Amino acid sequence: MNAHLPILPVLIPVLSAAVMVALSRQDLVLARVLSFIAAAAQLVVALLLFAATGEGEILVYRLGDWPAPYGIALVADRLSAAMVLLTAILGAVLLLHAVCAWDRRGRHFHPLFQFQLMGIYGAFLTGDFFNLFVFFEVMLIASYGLMVHGGGAARLTNALQYMVVNLIASSLFLFAVALIYNAAGTLNFADLAQRVPTIPSSDRGILMAGGTLLCVVFLLKAAVVPLQFWLPGAYGHAPGVAAALFALLSKVGAYALLRFALVGLGWSSLAALEPLAWLTLLAGALGVLAAPSLGVLAGFASISSIGVLFVGLAGADAARLGAGLYYLVHSTLAGAALFVLADLVRSVRREEGDALVGGREFSGRALLGGLFFLVAIVTVGLPPLSGFVGKLAVLRNIPVTVIEGAASWVFVLMASFLLLLGLSRAGSRVFWKTQKDGGQASHGPAAGGVAALALLLAGTLVWALVAGPALAYFTQAAQALLEPGAYVQAVMGAGVYR
Amino acid sequence: MEILFAVLIAALTAAGIYLCCLRQVFPVVLGLSLLSYATNLFLFVAGRLTVGAPPVWAEGVTRFADPLPQALVLTAIVIAFGMTALLVVLAIRARFESGVERSDVPAVTDRVEVER
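Taken in sequence, the protein lines are chains X and W.
Note that our numbering numbers the first sequence so that position 273 is 276, with each residue one more than the last.
Note that our numbering numbers the second sequence so that position 29 is 520, with each residue one more than the last.
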């Protein structure tokens with residue numbers, strides 16, 4: 004069983020999507036049943052994978068049993084297993100929202116959703132960067148489909164721009180792959196890690212050019228300033244359930260960057276990115292102040308949380324990197340919750356939608372207002388939920404005595420304050436400035452969406468409660484990134500290296 | 492040979508980037524296609540240029556062409572082809588739903604569109 008475990012997260016969604024396309028083109032109920040079965044199976048597999056790698060084991064799956072640098076390898080270690088589990092949980096929770104609000108509004112929602120999950124799992128598990136490219140493309144094709152689900156002019160034009168930006172990034176990705184292959188003669192992360200020290204100085208320039216180009220591509224996927232401009236429009240106009248899942252896509256960029264730069268290229272840290280992280284924090288927080296609608300606000304809030312994430316990931320020690328990874332999980336849950344909430348507000352306010360203006364009374368105002376309050380606490384990072392713990396863990400590992408450390412403290416705290424202002428303003432406009440007379444004739448928020456939102460909030464509470472063990476777990480995962488010897492050994496095996 | 496390839500890739504890339512910067516959708520689609528041709532050629536020569544050499548290693552052969560970039564190019568061609576088709580469909584739908592053919596969008600902070 005364990006031998007085939009790493010391929011299952013990729014296999015289950017692709018098979019279930021194929022079955023759905025074949026069997027349930029017209030039958031939405033069957034598609035939903037299949038979708039929930041697939042989500043449950045993915046959860047089980049993700050838990051098994053998580054348990055199998057918990058002690059630091061590294062599972063390597065060689066497709067066709069070809070030895071590592073020649074064949075394709077999937078690798079599951081602590082970090083990728085945790086990311087797979089996060090994806091499985093988020094996918095299952097968002098399905099609750101999808102069946103109540105979204106899967107009726109266009110065709111093939113469920114197969115697209117499964118393909119989206121498959122691409123994300125694959126990107127977390129792959130052991131070489133050409134397959135990373137392929138899984139990125141799978142992920143992006145599915146995201147284009149989900150993004151235009153339901154149609155509408157603003158959604159389509161924003162999706163078009165999102166697609167053009169990502170196609171240009173894909174071209175850059177291929178240029179980078181070609182450069183690195185030219186210099187190193189390999190596509191495998193572990194093989195690259197072994198070869199980098201032996202590359203002659205005449206080829207080092209090519210390797211650095213390729214490596215830097217690939218980092219730029221990952222920074223674009225992660226929406227780090229100055230490559231963040233595409234995110235608010237695209238995510239803000241996407242269907243809420245898709246946008247909530249996309250909260251994970253930018254984390255895939257951050258994960259790929261860590262894997263590639265620290266393991267493949269053998270960099271000692273991503274410290275050079277710290278100034279970009281400050282600017283990302285600031286750009287996100289200022290965007291939250293300027294946002295005209297809850298959806299766009301959620302987009303800017305996720306940019307800001309990417310900033311905190313990269314402040315953590317810029318660390319050269321395992322404790323700070325681990326805190327960054329802990330924050331990554333929190334930021335995914337919080338971002339998804341904010342997008343789901345914006346979608347629920349959009350569905351009950353018939354006239355104003357999620358625009359940040361007062362309007363007529365709507366049903367479910369108290370419930371949604373209460374939930375907004377909790378989501379805002381999570382997003383800003385106030386106690387007692389995981390946003391506070393995550394920020395505290397990141398900041399605690401940054402020395403204030405050096406100038407970069409002090410700047411990181413200032414930027415994180417300032418951005419938190421701006422987020423607090425922006426979210427207070429948004430909440431009071433949407434939920435308090437309502438006219439009492441002439442309520443809007445609408446039903447309350449859909450039960451599935453509220454359940455999904457409650458589960459995401461419960462997730463942040465649980466994440467705060469297990470902070471101790473979780474931080475220890477991610478510190479070990481970060482240690483494995485900083486000293487990739489065991490990873491390289493597991494993938495390449497003894498004596499396989501030419 | 493190297494000069495020819497370098498000039499070709501440079502010309503395709505430059506034309507692609509120029510077209511991607513235009514504000515209408517159709518030139519952008521063309522530009523992305525040119526960019527993908529440039530990447531395919533670039534990937535193709537990533538294993539170094541060889542002329543008249545066998546594609547795989549065999550006994551007694553010291554000079555051979557690297558087969559891996561050719562496999563990569565095949566994958567890249569398929570993906571670029573699919574993406575271009577999808578982009579054209581999306582562009583046509585956006586054109587008819589919004590009434591204008593533009594690749595740029597208004598700033599997110601400018602106006603509020605209620606999208607359901």
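Glycine residues also receive a C-beta, built at the ideal position from the N, C-alpha and C atoms.
Since we're looking at a predicted model, the values are computed, not measured.
- For Y64 of chain X, the enclosing beta strand (DSSP E) has its first and last residue at L62 to R65.
- Per DSSP, A76 of chain X is not a residue of any alpha helix (DSSP H); the beta strand (DSSP E) it occupies stretches across A76 to A79.
- Comparing alpha-carbon positions, the option among X:L97, X:W435, X:L421 and X:H240 lying closest to L460 of chain X turns out to be X:L97.
- Under the Cβ distance rule, V542 of chain W does not count among the residues neighbouring chain X, no pair being separated by less than 7 Å.
- Beta-bridge analysis with DSSP links R158 of chain X to no other residue.
- For F496 of chain W, the uninterrupted alpha helix (DSSP H) run begins and ends at E493 to C511, by DSSP.
- In the same chain as P235 of chain X, and ignoring 5 residues on each side of it, the C-beta atoms closer than 8 Å to its own belong to G290, A294, V299, G302, F303 and I306, in chain order.
- Within the DSSP bridge table, the entry for R363 of chain X names X:Q438 as partners.
- Around the C-beta of G155 of chain X, 16 or more other C-beta atoms lie within 10 Å, and the residue is accordingly described as buried.
- In this structure, DSSP gives S296 of chain X an extended state, which the three-state scheme calls strand.
- 7 Å or more divides the Cβ of L532 of chain W from the Cβ of L521 of chain W.
- Per DSSP, reduced to three states, the secondary structure at T129 of chain X is strand.
- Judged by DSSP in its simplified three-state form, N5 of chain X adopts helix.
- Closest by C-alpha distance to S350 of chain X, out of X:L371, X:P114 and X:Q438, is X:L371.
- With a cutoff of 7 Å on beta-carbon distance, F342 of chain X and A454 of chain X are scored as not near each other.
- D68 of chain X and L26 of chain X have their C-alpha atoms roughly 33 Å apart.
- In the DSSP assignment, A358 of chain X forms a beta bridge with X:S296.
- Of all residues in the stretch 179-204 of chain X, the ones placed with a Cβ closer than 9 Å to any Cβ belonging to chain W are V180, A181, L182, I183, Y184, N185, G188 and L190, in chain order.
- Selection X:R110, X:A91, X:L120 and X:A186 evaluated against G153 of chain X yields X:R110 as nearest (Cα-Cα).
- Collapsing the DSSP output to three states places N531 of chain W in a helix.
- Beta-bridge partners of N191 of chain X (DSSP): X:D131.
- Annotated as proximal: L159 of chain X and E588 of chain W, with beta-carbon spacing under 7 Å.
- Taking a C-beta distance under 7 Å as the contact criterion, A186 of chain X and L217 of chain X do not qualify as a contact pair.
- Take A196 of chain X, set aside five residues on each side of it, and the residues of its chain with a beta-carbon closer than 7 Å to its own are V266, G267, G269, P487 and V491, in chain order.
- Taking one beta carbon from each stretch, the stretch 67-83 of chain X and the stretch 127-146 of chain X have 3 or more pairs nearer than 8 Å; the two touch.
- By the beta-carbon neighbour count (other beta carbons within 10 angstroms, threshold 16), N5 of chain X is exposed.
- For P472 of chain X, the enclosing alpha helix (DSSP H) begins and ends at A470 to L485.
- Within the stretch 179-267 of chain X, the complete alpha helix (DSSP H) runs of at least 4 residues fall at 192-198, 204-225, 234-240, 243-249 and 252-261.
- When only Cα atoms are considered, G122 of chain X and L328 of chain X end up about 21 Å apart.
- Between the beta-carbon of L540 of chain W and that of E493 of chain W there is about 6 Å, and that keeps the pair under the 8 Å contact cut.
- Relative to the Cα of L344 of chain X, the nearest Cα in the group X:L261, X:V48 and X:A449 belongs to X:A449.
- Taking a 10 Å sphere around the C-beta of E355 of chain X, we find 16 or more other C-beta atoms and assign the residue as buried.
- Of all C-beta pairs linking the stretch 37-50 of chain X to the stretch 14-23 of chain X, three or more are shorter than 8 Å, placing the two stretches in contact.
- Listed by position along chain W, the residues whose Cβ is nearer than 7 Å to that of F133 of chain X are L563.
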